[in-house]
Amino acid sequence: MGILLAAFITLGVEVGPRMLTRSPEFVFLMGWANIGSNLLALPLCFVFAPLMARFASLQRRAVVPVALAAALAATALTDAGALTVIQLAVFSGLGLLLKSANLPRAPLVLGYVLGPGLESGLIRSAEVYGWGPWLGLAS
Numbered sequence: 001m002g003i004l005l006a007a008f009i010t011l012g013v014e015v016g017p018r019m020l021t022r023s024p025e026f027v028f029l030m031g032w033a034n035i036g037s038n039l040l041a042l043p044l045c046f047v048f049a050p051l052m053a054r055f056a057s058l059q060r061r062a063v064v065p066v067a068l069a070a071a072l073a074a075t076a077l078t079d080a081g082a083l084t085v086i087q088l089a090v091f092s093g094l095g096l097l098l099k100s101a102n103l104p105r106a107p108l109v110l111g112y113v114l115g116p117g118l119e120s121g122l123i124r125s126a127e128v129y130g131w132g133p134w135l136g137l138a139s
């Protein structure tokens with residue numbers, strides 16, 4: 001749902017409570033599109049369930065090269081610069097190090113993705129309300 005809201009914001013669609021009053025037909029259409037897509041996906045999932053179960057039983061050595069190629073292709077298509085490929089290599093190495101140390105990798109991903117937004121929100125809050133003790137810092 002968050003991805004859908006971000007896509008709406010990117011396209012200039014106003015999201016939130018005013019969306020219901022300004023364009024109720026759009027909200028109605030979204031609801032019916034969701035219902036229709038789920039009704040279409042249900043029989044497709046039943047048909048392809050055996051194939052998906054076979055994919056789940058594939059050996060790791062068969063999946064890893066395909067996953068690495070897909071990650072490199074997605075990285076190159078997103079931003080063709082060398083810095084992006086270097087970031088992929090660094091974070092892949094960091095992920096392997098965390099895995100070998102039996103540490104979770106999800107907090108790293110969450111921090112990398114959500115960190116800039118949280119930091120800007122913290123700075124805005126501190127500018128409005130000050131760097132008080134609620135931030136764990138001395139005034």
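Numbering-wise (the UniProt record's numbering), the sequence shown opens with residue 1 and increments by one.
Ideal Cβ positions, reconstructed from N, Cα and C, are used throughout, including at glycine.
| said: Here's the rule I'm using: 16 or more other beta-carbon atoms within 10 Å means buried, otherwise exposed. How should R18 be labelled? | reply: Result: exposed.
| query | Excluding sequence positions up to five away, which residues of its chain have a Cβ less than 7 Å from the Cβ of I9? | reply | A distance below 7 Å between beta-carbons, with the five flanking residues on each side excluded, links I9 to the following residues of its chain, in chain order: V15.
| Supposed close pair T75, V85 - CB separation, criterion 8 Å | With a Cβ gap of about 6 Å, T75 and V85 count as contacting.
| task | Please report the residue range of the alpha helix (DSSP H) in which E119 lies. | result | Looking at the DSSP string, the run of the alpha helix (DSSP H) that includes E119 is 106 to 129.
| query | Looking at the structure shown, is Q59 part of a helix, part of a strand, or coil, going by DSSP? | reply | When secondary structure is reduced to three states using DSSP, Q59 falls in the coil class, being assigned neither helix nor strand.
| Simplified DSSP state of V15, which is helix, strand or coil | V15 carries a coil assignment under DSSP once its states are collapsed to helix, strand and coil.
| field | Sequence-distant residues of the same chain with beta carbon closer than 6 Å to L88, five excluded per side | value | Within the same chain, L88 has close Cβ partners T75.
| field | Simplified DSSP state of N38, which is helix, strand or coil | value | In the displayed model, N38 falls within a helix according to three-state DSSP.
| request: Express the C-alpha separation of C45 and F55 in angstroms, rounding to a whole number. | output: Answer to the nearest angstrom: the Cα atoms are 14 Å apart.
| Span separating the alpha-carbon of G132 from that of A126 | Straight-line Cα distance between these residues: approximately 8 Å.
| request: Report the option in L114, A80, Q59 whose CA atom is closest to the CA atom of G2. | output: The residue from L114, A80, Q59 with its alpha-carbon nearest to that of G2 is L114.
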